[in-house]
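Some notes on the structure that comes next.
Protein chains: 2
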Amino acid sequence: MNLVLYDYWRSSSAWRVRFALHHKGIAYQSRFVNLRASEQLTDEHKKLSPLGVVPCLLVNGRSLCESVAILEYLEDVVPEKALLPRDPWRRARVRQLVELVNSGIQPLQNLIVLDHLSSDEGVRQSWVRHFNQRGLVALESALASVDAEFGSGPYSFGDQVTLADVYLVPQVATAIRFQVPMDPYPRVRAVFEECMKLESAVASSPQNQPDAPKKP
Amino acid sequence: MNLVLYDYWRSSSAWRVRFALHHKGIAYQSRFVNLRASEQLTDEHKKLSPLGVVPCLLVNGRSLCESVAILEYLEDVVPEKALLPRDPWRRARVRQLVELVNSGIQPLQNLIVLDHLSSDEGVRQSWVRHFNQRGLVALESALASVDAEFGSGPYSFGDQVTLADVYLVPQVATAIRFQVPMDPYPRVRAVFEECMKLESAVASSPQNQPDAPKKP
Numbered sequence: 036m037n038l039v040l041y042d043y044w045r046s047s048s049a050w051r052v053r054f055a056l057h058h059k060g061i062a063y064q065s066r067f068v069n070l071r072a073s074e075q076l077t078d079e080h081k082k083l084s085p086l087g088v089v090p091c092l093l094v095n096g097r098s099l100c101e102s103v104a105i106l107e108y109l110e111d112v113v114p115e116k117a118l119l120p121r122d123p124w125r126r127a128r129v130r131q132l133v134e135l136v137n138s139g140i141q142p143l144q145n146l147i148v149l150d151h152l153s154s155d156e157g158v159r160q161s162w163v164r165h166f167n168q169r170g171l172v173a174l175e176s177a178l179a180s181v182d183a184e185f186g187s188g189p190y191s192f193g194d195q196v197t198l199a200d201v202y203l204v205p206q207v208a209t210a211i212r213f214q215v216p217m218d219p220y221p222r223v224r225a226v227f228e229e230c231m232k233l234e235s236a237v238a239s240s241p242q243n244q245p246d247a248p249k250k251p
Numbered sequence: 036m037n038l039v040l041y042d043y044w045r046s047s048s049a050w051r052v053r054f055a056l057h058h059k060g061i062a063y064q065s066r067f068v069n070l071r072a073s074e075q076l077t078d079e080h081k082k083l084s085p086l087g088v089v090p091c092l093l094v095n096g097r098s099l100c101e102s103v104a105i106l107e108y109l110e111d112v113v114p115e116k117a118l119l120p121r122d123p124w125r126r127a128r129v130r131q132l133v134e135l136v137n138s139g140i141q142p143l144q145n146l147i148v149l150d151h152l153s154s155d156e157g158v159r160q161s162w163v164r165h166f167n168q169r170g171l172v173a174l175e176s177a178l179a180s181v182d183a184e185f186g187s188g189p190y191s192f193g194d195q196v197t198l199a200d201v202y203l204v205p206q207v208a209t210a211i212r213f214q215v216p217m218d219p220y221p222r223v224r225a226v227f228e229e230c231m232k233l234e235s236a237v238a239s240s241p242q243n244q245p246d247a248p249k250k251p
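Chains as they are written, first to last, in our numbering: chain A, 36 to 251; chain B, 36 to 251.
Laid out in structure tokens, this is it:
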């Protein structure tokens, strides 16, 4: 399987895919798309990604977009080091945590929405914080409900790293970057800190990508 | 399997779940949550749905939220009248179409975002139209790409009704409600019109729900 990831270091959606590829130990090549330079909106990139976004994965030359579609595909074809439980109900509950972030937080505060909203940095920051806080309250409550139903563990869904963690980590990193206080979400924060001990999370993190700006 | 759907007639996300339940011929009971009266934000409802949204499905008394998680679960436990192809690559491409709507259009223009944006009806309408148009351009292009790869048919993914249709139909209905001109998206519109000949789409549509306002 030849994999080429269209990637941008700071994209939280791209981090999800990098996290899973590292977790499963799947080799891939990178093509960097500089979102700040609007490279995602070129006709060439839109042939691969209709919405003009990253991540986008070329699988043996064929394009696949949307992080959920990419990650479910990787799970289907590389079931080792599973990121979803086998039991349908448990899978469903992990997918609920995934979508709470994927459709419930990230899209409401991504660059596309912010750029349409305002060029005023204060307005943008306040918007990002509002929707992160709303989502984190829900995530904290959803994790408590999962703990109550299945038993607690270091990760979002007990002892196993799952797609729920793959979505939680980049979202929490975004919230921290926008100075959202994390004290009200102790369980979310504990999962984030535990995940950031994983080699797969660290290696895939924004600051460790080749296209990240070099520190002075 | 005892199913209770927390539902609201006009919720496009709830329509997706109703559409799939009707398609698969799965019996369910309804509990109506009036979003206009903020019933989704009560402590009681938030115990079931951390984000305070519909749809939410009680499965033998246990709560499951997020339309993607619900629909993947129904597919796992009731594989008959499949809404996903079996081949992993084809499943992935259907899921890409699903997420194009689920995370790429609907969250950017839902009631939660609009209520935070402005109470001015003109501002709200313009926002809804902008993100529907952006998404519909992408969806038209994604459908063309699917047609080129797998061959065209009456539905989003060839001859088979899939989850891609289950997401397309309520989104297009929203776009039409907000008077987005559909001429630039002939393939999307044709799929919508074909789907609206299906008993499952009609029976699950907003105006045919018991909690819809009665016509004068």
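Where a beta carbon is used, it is the ideal one built from N, C-alpha and C, also for glycine.
Residue i: which of the options sits nearest, CA to CA?
i              : options                           : result
V94 (chain B)  : B:F227, B:W162 and B:N37          : B:N37
A210 (chain B) : B:Q195, B:Q242, B:R169 and B:E234 : B:R169
Y41 (chain A)  : A:K59, A:G60, A:H58 and A:K81     : A:K81
S235 (chain B) : B:S46, B:V39 and B:I61            : B:I61
R51 (chain A)  : A:R164, A:D78, A:L92 and A:R97    : A:L92
D218 (chain A) : A:L99, A:H58 and A:V172           : A:V172
A183 (chain A) : A:T77, A:R128 and A:V215          : A:R128
S102 (chain B) : B:L70, B:Q144 and B:F54           : B:F54
L109 (chain B) : B:K59, B:P248, B:L143 and B:S138  : B:K59
N69 (chain B)  : B:D78, B:L56, B:S46 and B:Y63     : B:S46
V215 (chain A) : A:R164, A:D194, A:T197 and A:S176 : A:R164
A238 (chain B) : B:V201, B:R212 and B:A104         : B:V201
P114 (chain A) : A:K249, A:L198 and A:L146         : A:L198
Y220 (chain A) : A:E156, A:Y63 and A:A177          : A:A177
Y63 (chain A)  : A:G157, A:S73, A:V39 and A:D78    : A:V39
For residue i, which residues of its own chain have a beta-carbon under 8 Å away from its beta-carbon, when the five flanking residues on both sides are left out?
i              : result
L203 (chain A) : L132, V136, L174, S191, V223, V226, F227 and C230
A179 (chain B) : R222
K116 (chain A) : H58, K59 and G60
Residue i versus chain B: which residues are under 7 Å apart at the beta carbon?
i              : result
P221 (chain A) : By Cβ distance, chain B contributes nothing, its closest Cβ being about 16 Å from P221 (chain A), past 7 Å.
H165 (chain A) : H151
A177 (chain A) : P85
P123 (chain A) : Y108, D111 and V112
Taking C-beta pairs closer than 8 Å, name the residues in chain B that residue i reaches, listed in chain order.
i              : result
A127 (chain A) : L99, A104, I105, E107, Y108 and D111
R130 (chain A) : E101, V103, A104, E107 and Y108
L233 (chain A) : Here the premise fails: no neighbours, minimum Cβ distance about 24 Å.
Check the Cβ of residue i against every Cβ in chain A and list those closer than 7 Å, keeping chain order.
i              : result
E134 (chain B) : E101, V103 and A104
L86 (chain B)  : L135, G139 and A173
With a threshold of 7 Å on Cβ separation, who are the neighbours of residue i within its own chain once the five nearest residues in sequence on each side are excluded?
i              : result
I140 (chain B) : F166, N167, G170 and Q206
G87 (chain B)  : Q75, L76, H80 and K81
Who are the Cβ neighbours of residue i in its own chain at under 6 Å, not counting the five residues just before and after it?
i              : result
S240 (chain B) : none
D246 (chain A) : W44 and F67
A49 (chain B)  : D42, Y43, V89 and P90
S84 (chain A)  : C91 and C100
P142 (chain B) : none
Which residues of chain B have a Cβ atom closer than 9 Å to the Cβ of residue i, listed in chain order?
i              : result
L203 (chain A) : Near L203 (chain A) there are no residues of chain B at all, since even the closest Cβ is about 14 Å away, more than 9 Å.
Could you tell me which chain A residues have their CB closer than 9 Å to the CB of residue i, listed as they occur along the chain?
i              : result
L143 (chain B) : P142, L143, N145, I147, V148 and H151
Do the segment 141-156 of chain A and the segment 123-131 of chain B make contact, defined as three or more Cβ pairs closer than 8 Å?
no
Write down every uninterrupted run of the beta strand (DSSP E) in the segment 37-98 of chain B whose length is 3 residues or greater and which is fully enclosed by it, in chain order.
38-42, 64-67 and 91-94
Ordered list of alpha helix (DSSP H) runs contained in the segment 116-166 of chain B, each at least 4 residues:
123-137 and 146-152
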